[in-house]
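For the record, the sequence lines run as chains H and G.
Residue numbers for the first sequence follow our numbering, beginning at 150 and rising by one.
Residue numbers for the second sequence follow our numbering, beginning at 150 and rising by one.
Report on the structure given below.
There are 2 protein chains.
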Amino acid sequence: MAQKAEETRFELQKDRMLRAAARCFNEKGYSGSSLKDVAAILGLTDAALYYYVRNKEELVYLCYVRAAAVGREAMARAVSEGLDGFDTVRRYLRYHIEIMVGDRGPIAIMSEIPSLIPIHRDEVLELSRQHSARFEEILEAGIEDGSISPCDVRMTGNAIMGSINWIPKWYHGDSEMGNTIAAKFPAILTKGLRLETS
Amino acid sequence: MAQKAEETRFELQKDRMLRAAARCFNEKGYSGSSLKDVAAILGLTDAALYYYVRNKEELVYLCYVRAAAVGREAMARAVSEGLDGFDTVRRYLRYHIEIMVGDRGPIAIMSEIPSLIPIHRDEVLELSRQHSARFEEILEAGIEDGSISPCDVRMTGNAIMGSINWIPKWYHGDSEMGNTIAAKFPAILTKGLRLETS
DNA sequence: GGACTATTTTAATCTAGATTAGAATTTTTT
DNA sequence: AAAAAATTCTAATCTAGATTAAAATAGTCC
């Protein structure tokens, strides 16, 4: 029990740190944010962060891994509901956005992957590719089942994911707006997908 | 004539520099890109850049001003054609993307505005706001003229502009893909806007 | 070809911020 | 409440990279 409590505390703090870091990185970029900036949000000293992470690069890396996990989780949840392609996309977007604007946010934008060390860069790129690929699979499934009209899934995927990825750039924690985004974005982004039953 | 030629050379080099900087910044962020990185693309020394710009901050600032000008130019051109709202949006997107993936690119993503000094930040933010506002006006005009179905223009604008802004993150100069983007994105992004004449 | 200007380089300096070691403090355990 | 472990801080060090000054080169004009 003791062990577990400590682990929990550690993990909780670490997660708080990752969210603080994500907030900084989203606003001012990776290199533009000092460890002092991140620590200040937590009421800590910059040096304290080294208790949780080996160095700054690892901090970004973990932010990106976390972002990927959140996206994958949202998608898995949507897929598990067994809806048609169109509705799966819409659900996925809703779940993903809800997390981004909710209290598990902010989620780091993966905008500086080249700054990672090679081994981390490769891993994050792979996660990112997998996510895109799975999204495209859903689109294809939707085209198959007749819920989505035929389209270039690569380009359509890029378009939709771009909108999602950009959200943290203009959304900064105003929860009312957060609700608006979660309520409207899924419909806006999928409106053009529907196959019109002529 | 002499003066003009020199001015031209200077301006040309400066523009090359801004495009090189945009490329670096888009890949690795503002603070993540050293002046040496930018200079290397031009075959110059980092110190040489100071002949064109007062400091690094001004370099980003100019990149952002340039990005704003490109967007405004594309929009003005589209508006000047006097089409209905829907087609104006589509034209604007096409023109904007064509510049982004064409030889006037790459265009800097305005992703680190907080890193600018206050006076520059205010100016760039204002340019950005104006652009968003004008885009929303076009959407509203389209709703008025019946070419676009009623929608939350703020959210819809954010969604579409997010897709556009994100393009430089995954497009890196493969001109064949550039053509694909220019050909497909405008249709993809506007497909959901059309008012279905029931 | 010499003089003048424009452009770039070399060779410092200077600073913010990452990193580290060890001390101090806080929390947990018994 | 002492001992042990976990967490944070203080006070350096170290380095990359921005910036500057002056010299060197390239280009243009007469």
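Note that CB positions come from ideal geometry on N, CA and C, so glycine has one too.
Which chain G residues sit within Cβ distance under 7 Å of residue i?
| i | result |
| --- | --- |
| asparagine 314 of chain H | Trp315 |
| proline 263 of chain H | Glu176, Lys177 |
| aspartate 294 of chain H | Those within 7 Å of aspartate 294 of chain H in chain G number zero; the least Cβ separation is about 19 Å. |
Give me the DSSP bridge partner(s) of residue i.
| i | result |
| --- | --- |
| arginine 239 of chain H | None, per the DSSP bridge assignment. |
| isoleucine 297 of chain H | H:Arg343 |
Please check if any C-beta of chain G sits within less than 8 Å of the C-beta of residue i.
| i | result |
| --- | --- |
| lysine 340 of chain H | yes |
| isoleucine 266 of chain H | no |
| aspartate 236 of chain H | no |
| glycine 291 of chain H | no |
| alanine 151 of chain H | Bear in mind that the predicted position of alanine 151 of chain H carries a pLDDT of just 31, short of 50, making it unreliable; the figure below should be weighed with that in mind. No, alanine 151 of chain H does not count as interfacial toward chain G. |
From this set, the options, which residue's C-alpha is nearest residue i's C-alpha?
| i | options | result |
| --- | --- | --- |
| serine 182 of chain H | G:Tyr179, G:Leu184, G:Ser183 | G:Tyr179 |
| threonine 237 of chain H | H:Val228, H:Tyr244, H:Asp271 | H:Val228 |
| arginine 270 of chain G | G:Val209, G:Ile330, G:Arg243 | G:Val209 |
| aspartate 164 of chain G | G:Glu176, G:Lys185, G:Glu230, G:Leu191 | G:Leu191 |
| arginine 226 of chain G | G:His245, G:Leu167, G:Ala217 | G:His245 |
| cysteine 173 of chain G | G:Leu232, G:Asp186, G:Gln162 | G:Asp186 |
| glycine 341 of chain G | G:Arg253, G:Asp301, G:Ile330 | G:Asp301 |
| alanine 207 of chain H | H:Leu265, H:Tyr320, H:Asn328 | According to the sequence shown, residue 207 of chain H is glutamate rather than alanine. It is H:Leu265 whose Cα lies nearest to the Cα of glutamate 207 of chain H. |
| isoleucine 316 of chain H | H:Glu160, H:Met166, H:Asn175 | H:Asn175 |
| glutamate 289 of chain H | H:Cys212, H:Leu193, H:Asp233, H:Met166 | H:Asp233 |
| alanine 332 of chain H | H:Arg240, H:His280, H:Pro267 | H:Arg240 |
| arginine 168 of chain H | H:Thr194, H:Lys318, H:Asp252, H:Ala336 | H:Asp252 |
| threonine 339 of chain G | G:Gly291, G:Asp323, G:Lys177, G:Glu230 | G:Gly291 |
| valine 202 of chain H | H:Ser312, H:Phe159, H:Ser281, H:Arg283 | H:Phe159 |
| alanine 223 of chain H | H:Val273, H:Cys212, H:Pro299, H:Arg283 | H:Arg283 |
| glutamate 285 of chain H | H:Glu247, H:Asn307, H:Asp294 | H:Asn307 |
| valine 214 of chain H | H:Ile268, H:Gly322, H:Gly231, H:Gly295 | H:Ile268 |
Under 8 Å by Cβ, that's how I've got residue i and residue j pegged, so tell me the actual separation to the nearest angstrom.
| i | j | result |
| --- | --- | --- |
| methionine 249 of chain H | serine 277 of chain H | No, methionine 249 of chain H and serine 277 of chain H are not in contact; Cβ-Cβ is about 16 Å, not under 8 Å. |
| alanine 171 of chain H | alanine 257 of chain H | 4 Å |
| methionine 330 of chain G | methionine 304 of chain H | The sequence shown places isoleucine at residue 330 of chain G, rather than the methionine named in the question. With 8 Å as the limit, isoleucine 330 of chain G and methionine 304 of chain H qualify as a contact, their Cβ atoms being about 7 Å apart. |
| alanine 217 of chain H | histidine 280 of chain H | 7 Å |
| proline 299 of chain G | leucine 242 of chain G | Rounded, the Cβ-Cβ distance is 20 Å, inconsistent with contact. |
| leucine 344 of chain H | isoleucine 313 of chain H | Not confirmed; about 22 Å, so no contact. |
| glutamate 261 of chain H | lysine 318 of chain G | Wrong, their Cβ atoms sit about 10 Å apart, outside the cutoff. |
| leucine 198 of chain G | leucine 211 of chain G | Leucine 198 of chain G to leucine 211 of chain G, Cβ: 11 Å. No contact. |
| glycine 311 of chain G | tyrosine 320 of chain G | Not confirmed; about 15 Å, so no contact. |
What does residue i reach in chain H if we use C-beta pairs closer than 7 Å?
| i | result |
| --- | --- |
| asparagine 307 of chain G | Trp319 |
| phenylalanine 334 of chain G | Met304, Ala308 |
Spell out whether any CB of chain H is found under 8 Å from the CB atom of residue i.
| i | result |
| --- | --- |
| glycine 327 of chain G | no |
| glycine 251 of chain G | no |
| glycine 231 of chain G | no |
| serine 260 of chain G | yes |
| glycine 311 of chain G | yes |
| alanine 154 of chain G | Low confidence applies here, because alanine 154 of chain G scores a pLDDT of 36, under 50, leaving its location unreliable; read the following figure in that light. No, alanine 154 of chain G lies away from the interface with chain H (no Cβ there is under 8 Å from its Cβ). |
Cβ closer than 9 Å: which chain H residues qualify as neighbours of residue i?
| i | result |
| --- | --- |
| serine 324 of chain G | By Cβ distance, chain H contributes nothing, its closest Cβ being about 16 Å from serine 324 of chain G, past 9 Å. |
Run down chain G in chain order and give the residues with a C-beta less than 9 Å from the C-beta of residue i.
| i | result |
| --- | --- |
| glycine 181 of chain H | Gly178, Tyr179, Ser180, Gly181, Glu261, Pro263, Ser264 |
Interface residues of chain H around residue i at Cβ under 8 Å?
| i | result |
| --- | --- |
| aspartate 301 of chain G | Thr329, Lys333, Ile337 |
Within the present structure, is the beta-carbon of residue i separated from the nearest heavy atom of the ligand FAD by less than 7 Å?
| i | result |
| --- | --- |
| asparagine 314 of chain H | Only the bare structure without any ligand can be found here, which leaves the ligand FAD out of the picture. |
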